[in-house]
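Asks: Protein chains in written order, with this note's numbering: chain Y, 1 to 335; chain H, 1 to 335.
For glycine and all other residues, C-beta sits at the position ideal for the given N, C-alpha and C.
Every value quoted in this text rests on a predicted model; they were computed, and no experiment measured them.
Before I ask anything, here is the structure I am working with.
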């Protein structure tokens, strides 16, 4: 059983003052309430001796502030990126003297409504509405008129709340420029699922195009190493001689590495590889993989800053995705 | 600004009943309080129309129950295992109708004390005290007399609380038996940091020994691919001809794979590899890596079950670490 919490009345009795005197002292109002220094010292000593802790929940009934934030996400597990976004959110919340609830909806609107209601029952001050993958969302009705910030998602309507997403378009520009700077002009293939339905893929492709890189036929695969291994292996067997691969994430790059090695093609001398994510994996591959960072820690941190810091006009914020240059890009041969 | 919460008084006024009648109806006590069906219907309708939500925090001042759990961890970021433990804890908490706070101490006792105090100020019902790596801990003084469960850590003293850790000793037995079953008797090397100070390494080594596997000289390295790559490469250059490698985690196995491949040794025909973690990486390597699972989701789930479920005698629970057989272990040649 938890130890019984000392009450304000017990502090007052031990100090030999009234409950309201004790209350004024502990609220720092001894001066305007003309409380003697002697009484003040007795109250403070009694509070210390009894390990008195002001009841924040009782106080919150008056102030309506619990100094808590809830992070409501579709999914939290399975991916280190989610971890980085939570970590950034947590760090910023703590910096603002807030504690962080987390909850997961599995993308189910009924679970979401129940979860948000449960948080409202605990009088959470503010919400982070987060998505695992960058995408358009509809903000739940229960959240619309509350302090809320969108993390890794945005609404199609004009922003009524701050939204923080990675700048995927600029990341595409960066990928293209990195290859163009190394002299690559042809034989550049995208590896991945270039579906129009995937926000990141769509924006990256547009960025690559706007930077003036011309792509050869894409090598279509899912977002996993084995799928990429099979797709790249098949393309090489069919006679493809790529000069450079733009892989849509580091896992795809791992599969591409495995397929190139199995076919006896060397990285970066024969084939250059660039990727997106800059996960741990990128630094573990041999040669180390040049990859464009997903700024998930920064997304979490800045989202909470916007939520708990000074108010500002709602906007969509696209955070930079810097390239981490490693050893997987070679100079294009003279033609 | 959040919409103003409807009060019980407003519900009562709209329904044309007294505040206490409304309260009894909403608490389901219309029968024992002899409230007419007509009044009951009016109260329920008014509550619905006003989107009335019982003030759980006001109620908690009476019942002392907030239905919240706090997960206090040394670190939460950077590792997918932490994510799995949090996810398991969250799922079990929600199954018990509780919400989950998370907080991080960075292993700093002052941060830890402040964080726990902040949770106590919000009258959290129960605590999960978690560690990133399995280890012995001292439970913070503030938590000792409260409902608390230890996740991935344990105390040296007789358990005053439930503690959930992976069964690392049995995992060592499993690793040894898997190799013995494939006929391996010699040329088995541990790859990793076999320091007595690391709980998991110490227990696994003891398990390997107790299963009757004799290890040749260990290949010492840190817990990262590059360190393992260099250590295994050096050992091979020095003339080592290993038959089997027991890698202390999947990252080390990745480095070992890279070193074996660079030296022209094939897996599993010439060298068998077994590892611990069963992370995503194990399934991504070629050949796929046989690895022994860390049960972090289960640790989280079962810890919270013990915390919020029926009370039982405190104990240390060692959760099974099953082997996931894949393609990295070959039969030993006849000698």
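#1: Taking residue 104(H) as the reference, give the member of 106(Y), 99(Y) and 105(Y) with the closest Cα.
#2: For residue 271(Y), which three-state DSSP category applies?
#3: For residue 165(Y), name the three-state secondary structure that DSSP assigns.
#4: Do we get a CB-CB distance below 8 Å when we pair residue 219(H) with the residues of chain Y?
#5: With distances taken between CB atoms, is the gap from residue 250(Y) to residue 289(Y) smaller than 8 Å?
#6: Is the Cβ-Cβ distance between residue 124(Y) and residue 69(Y) less than 8 Å?
#7: Quickly, what does DSSP pair residue 189(H) with across the bridge? List them, please.
#8: Let me confirm a value: residue 309(Y) is counted as buried when at least 16 other C-beta atoms fall within 10 Å, else exposed. Which label applies?
#9: Under 8 Å Cβ to Cβ from residue 208(Y), same chain only, skipping five residues before and after it: list those, please.
#10: Between the stretch 120-143 of chain Y and chain H, which residues of the former have CB atoms less than 8 Å from a CB of the latter, in chain order?
#11: Can you pull the chain Y residues whose beta carbon is under 9 Å from the beta carbon of residue 101(H), in chain order?
#12: Throw me the rounded Cβ distance for the residue 33(H) and residue 75(H) pair, which I believe falls under 8 Å.
#13: So residue 130(Y) is in the beta strand (DSSP E); what residue range does that whole segment cover?
#14: Let me check understanding here. Comparing Cα to Cα, which of 122(H), 116(H) and 161(H) lies closest to residue 72(H)?
#15: Taking the continuous beta strand (DSSP E) assigned at residue 103(Y), which residues delimit it?
#16: Within a Cβ cutoff of 7 Å, which residues of the same chain sit near residue 261(Y), ignoring the five residues on either side of it in sequence?
#17: Below 8 Å on the Cβ atoms is my contact criterion, and I expect residue 343(H) with residue 193(H) to pass it. Report the Cβ-Cβ distance as a whole number of Å.
#18: Under three-state DSSP, which class holds residue 317(H)?
#19: Closer than 7 Å, Cβ to any Cβ of chain Y: which residues of the stretch 255-286 of chain H, in chain order?
#20: To the nearest angstrom, report how far apart residue 81(Y) and residue 293(H) are at their CA atoms.
#21: Starting from the C-beta of residue 135(H), find all residues in its chain whose C-beta is less than 6 Å away, skip the five residues before and the five after it, and write them out in chain order.
#22: What residues from chain Y crowd round residue 118(H), counting only those whose CB sits closer than 8 Å?
#23: Provide the residue(s) that pair with residue 324(H) in DSSP beta bridges, ordered along the chain.
#24: Write down the C-beta distance between residue 206(Y) and residue 219(Y) rounded to the nearest angstrom, noting that I regard them as a contact closer than 8 Å.
#25: Looking only at its own chain, which residues have a Cβ that is under 6 Å from the Cβ of residue 229(H), when we skip the five neighbours before and after it?
#26: Let me make sure I understand the geometry here. Which of 269(H), 15(H) and 50(H) has the alpha-carbon closest to that of residue 39(H)?
#27: Does the CB of residue 83(H) have a neighbour CB from chain Y at under 8 Å?
#28: For residue 44(H) and residue 26(H), I'd like the C-alpha separation in whole angstroms.
#29: Comparing C-alpha positions only, which one of 156(H), 225(H), 187(H) and 164(H) sits nearest to residue 320(H)?
#30: Suppose the cutoff is 6 Å on Cβ atoms and the five residues either side in sequence are ignored; what does the same chain contact list for residue 275(Y) look like?
#31: Alpha carbon to alpha carbon, what distance is there between residue 83(H) and residue 281(H)?
#32: When the distance is taken between beta carbons, is residue 263(Y) closer than 8 Å to residue 188(Y)?
#33: Return yes when the Cβ of residue 202(H) is within less than 8 Å of the Cβ of residue 196(H), no when it is not.
#34: Which residues in chain Y have a C-beta closer than 8 Å to the C-beta of residue 76(H)? List them in chain order.
#35: With a threshold of 8 Å between beta carbons, is residue 330(Y) in contact with chain H?
#36: Which of the three DSSP states is assigned to residue 174(H) in this structure?
Replies: According to the structure shown:
#1: When the alpha-carbon of residue 104(H) is set against those of 106(Y), 99(Y) and 105(Y), the nearest one is in 99(Y).
#2: coil
#3: strand
#4: Chain Y contact via Cβ: absent.
#5: yes
#6: Yes, the Cβ-Cβ distance between residue 124(Y) and residue 69(Y) is below 8 Å.
#7: 245(H)
#8: exposed
#9: 172, 173, 175, 176, 190, 215 and 246
#10: 120, 121, 122 and 123
#11: 68, 99, 100, 101 and 102
#12: The pair is not a contact, with the Cβ atoms about 52 Å apart (cut-off 8 Å).
#13: 126-136
#14: 116(H)
#15: 99-104
#16: none
#17: For chain H, the structure presents residues 1 to 335; residue 343(H) sits outside this window and is missing.
#18: strand
#19: 258, 284 and 286
#20: 21 Å
#21: 153 and 199
#22: 99
#23: Paired residues: 291(H).
#24: Not quite, the Cβ-Cβ distance comes to about 19 Å (not below 8 Å), so this is no contact.
#25: 255, 258 and 259
#26: Nearest of 269(H), 15(H) and 50(H) to residue 39(H), Cα basis: 15(H).
#27: yes
#28: 7 Å
#29: 164(H)
#30: 247, 250, 253, 289 and 291
#31: 16 Å
#32: no
#33: yes
#34: 83, 86, 87 and 90
#35: No, residue 330(Y) does not count as interfacial toward chain H.
#36: helix
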